[in-house]
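Residue numbers (the working numbering): 106 to 531.
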C-alpha cells in the first residue's frame, strides 16, 4: 500500500472512515478487506473531528492492517473543526433548528436520510420534507412512519429545486435552517456540529459542512472526486469566509466552493432577508444548478460572515453513470454562469465586477493544478467531461434568460404568509 494524490484515485475505491484516537475500537490485528479494489479513500478523524482525507493505492493488497494505517496517519495533536474557545467538543448547543429536505422520486433515499436524522446525538431539531413533483407521491407516508418527533411533509407542486427550497423555508420558524439532500446520510454528530458552528466567535450567518462520498464503486463516482468533489480544493481545516479577505477572492466568485447545497445551514432571518432562492436556477430548470450560490454570495456581499465547518459531515451517493456525471458537470457550470445572469438581472451594478473576474473564470476551466474548480486532473480524465463543463459555462447565461422569460409568463401562485417572493429575483 502506498499513498497517492487525489488525481490518482481509481475505481473501484474503498471508502474508509477511520478514527485515530479511539484505540479500543480497533485491535492491532484488525484488517480491512480491499480485495477487488484499486484504491482507498480514507477520512481520518481525531476524537470524531476530521483531520484529513488521504488516498492509497491498494492494487497489490488483499487487506489493509488498520493499526498500521493509523500509525501512518497519527495526529499531530490538533484536529480540524475544533468547536472554538470555551466550547467542549461534546457540548450540546441550545439553538433551535429545522432541517429541510427537498425530495423528488427518491423514496428509498429519503428513508435513509430520515433514518440518519433519527440517529443524531443532538435530537433537538425539527424536520420539514418538501415533495416536489414526484411521479407517485410518497413523502407524507414516509414522514408518518418516521420516528422523528417533529417532522412534517409539505408539497410544492411547481417543479424546481429553488421553489421547493423556498416552500421549505417558508415553513421554518426556528432560528436556524439546515439543508440535506435525499441522497445523503448525515453523520451521527452532524446536527450537533452544525449548531456548534454557529457558536463560532465570528457569529456566522451561514455554516457549510462537507459532503463526502458514501461509495466510490464506479468510474463516474471516482471521476467526480478527481474533479474536486463538492468542496473544490478546501481541506479539512475550518475557514472563515469574509469578503475582502484571502479566503474569498470575490463574493461573486464561489471557487473554492462557499458551500454545497446538500450540507449548508443559515440563520433563518438572514437567509429570508436575501430573498431566498431564485426559481430560475437549480435542478428542475434548464440551468440545472447554482441555486445555492445566490444566498451565499449575497450574504458575503452584505458584509456577513460564512463559516466552512468540516466537522459537520454528510455522506453523499454520487451519480454512478458517466452520462449522469456529464450532465451534472454541465449543470454546475451552467448554474455558475446562470447565477451571474441572475445577479445582473437583480443588481445591474455588479456588471463591472463580473467583467474584472472574467480572467479568473476562464483560468479555472483550463486543465492545470492552479485552477480552483478541479485542481490537477489526471491525464486520462475524460475530455467529454471537460467539454461538458465548458459548454455549460458558455450557455448558462442564455438558458437563464430563457428561464426568466418563461417565469414571468407564468401566473403567480397564491401568496402565502412568510413565503419568499419570486419577485425578489425579478
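A virtual CB, placed ideally from N, CA and C, is assigned to each residue, including glycine.
Contact check, residue i vs residue j, beta carbons under 7 Å
{"i": "residue 280", "j": "residue 200", "result": "yes"}
{"i": "residue 217", "j": "residue 299", "result": "no"}
{"i": "residue 309", "j": "residue 411", "result": "yes"}
{"i": "residue 337", "j": "residue 360", "result": "yes"}
{"i": "residue 230", "j": "residue 304", "result": "no"}
{"i": "residue 373", "j": "residue 282", "result": "yes"}
{"i": "residue 497", "j": "residue 438", "result": "yes"}
{"i": "residue 302", "j": "residue 404", "result": "no"}
{"i": "residue 203", "j": "residue 136", "result": "no"}
{"i": "residue 447", "j": "residue 369", "result": "no"}
{"i": "residue 162", "j": "residue 214", "result": "no"}
Among the options, nearest to residue i - alpha-carbon criterion
{"i": "residue 209", "options": "254, 389, 402, 168", "result": "389"}
{"i": "residue 108", "options": "164, 152, 122", "result": "164"}
{"i": "residue 499", "options": "515, 324, 467", "result": "467"}
{"i": "residue 511", "options": "146, 334, 429, 385", "result": "385"}
{"i": "residue 484", "options": "269, 332, 236, 465", "result": "332"}
{"i": "residue 224", "options": "234, 251, 242", "result": "251"}
{"i": "residue 249", "options": "220, 349, 344", "result": "220"}
{"i": "residue 461", "options": "125, 355, 270, 271", "result": "355"}
{"i": "residue 507", "options": "391, 172, 273", "result": "391"}
{"i": "residue 398", "options": "426, 365, 378", "result": "365"}
{"i": "residue 317", "options": "343, 342, 120", "result": "120"}
{"i": "residue 413", "options": "393, 273, 458, 335", "result": "335"}
Cross-strand partners of residue i (DSSP beta bridge)
{"i": "residue 583", "result": "This structure leaves residue 583 out entirely; the chain is present only between 106 and 531."}
{"i": "residue 420", "result": "290, 317"}
{"i": "residue 168", "result": "138"}
{"i": "residue 59", "result": "Here the chain has residues from 106 to 531 only, and residue 59 is not among them."}
{"i": "residue 144", "result": "118, 162"}
{"i": "residue 203", "result": "231, 282"}
{"i": "residue 342", "result": "DSSP, once it has assigned bridges, lists no residue as partnering residue 342."}
Through-space distance from residue j to residue i, alpha-carbon basis
{"i": "residue 315", "j": "residue 495", "result": "25 Å"}
{"i": "residue 443", "j": "residue 106", "result": "44 Å"}
{"i": "residue 176", "j": "residue 226", "result": "29 Å"}
{"i": "residue 139", "j": "residue 160", "result": "13 Å"}
{"i": "residue 436", "j": "residue 266", "result": "13 Å"}
{"i": "residue 55", "j": "residue 115", "result": "The structure shown does not extend to residue 55, since the chain is modelled only from 106 to 531, so the question has no answer here."}
{"i": "residue 207", "j": "residue 235", "result": "5 Å"}
{"i": "residue 144", "j": "residue 244", "result": "37 Å"}
{"i": "residue 464", "j": "residue 440", "result": "18 Å"}
{"i": "residue 179", "j": "residue 122", "result": "14 Å"}
{"i": "residue 514", "j": "residue 367", "result": "30 Å"}
{"i": "residue 154", "j": "residue 509", "result": "43 Å"}
{"i": "residue 342", "j": "residue 156", "result": "8 Å"}
Any C-beta of chain B under 7 Å from that of residue i
{"i": "residue 377", "result": "No chain B is present in this structure, which holds just one protein chain."}
Exposure of residue i, with buried meaning 16 or more beta-carbon neighbours within 10 Å
{"i": "residue 255", "result": "exposed"}
{"i": "residue 387", "result": "buried"}
{"i": "residue 150", "result": "buried"}
{"i": "residue 190", "result": "Low confidence applies to residue 190: its pLDDT is 40, below 50, so where it sits in the model is not reliable, and the reading given next is rough at best. Result: exposed."}
{"i": "residue 241", "result": "exposed"}
{"i": "residue 408", "result": "exposed"}
{"i": "residue 415", "result": "buried"}
{"i": "residue 429", "result": "exposed"}
{"i": "residue 286", "result": "buried"}
{"i": "residue 419", "result": "buried"}
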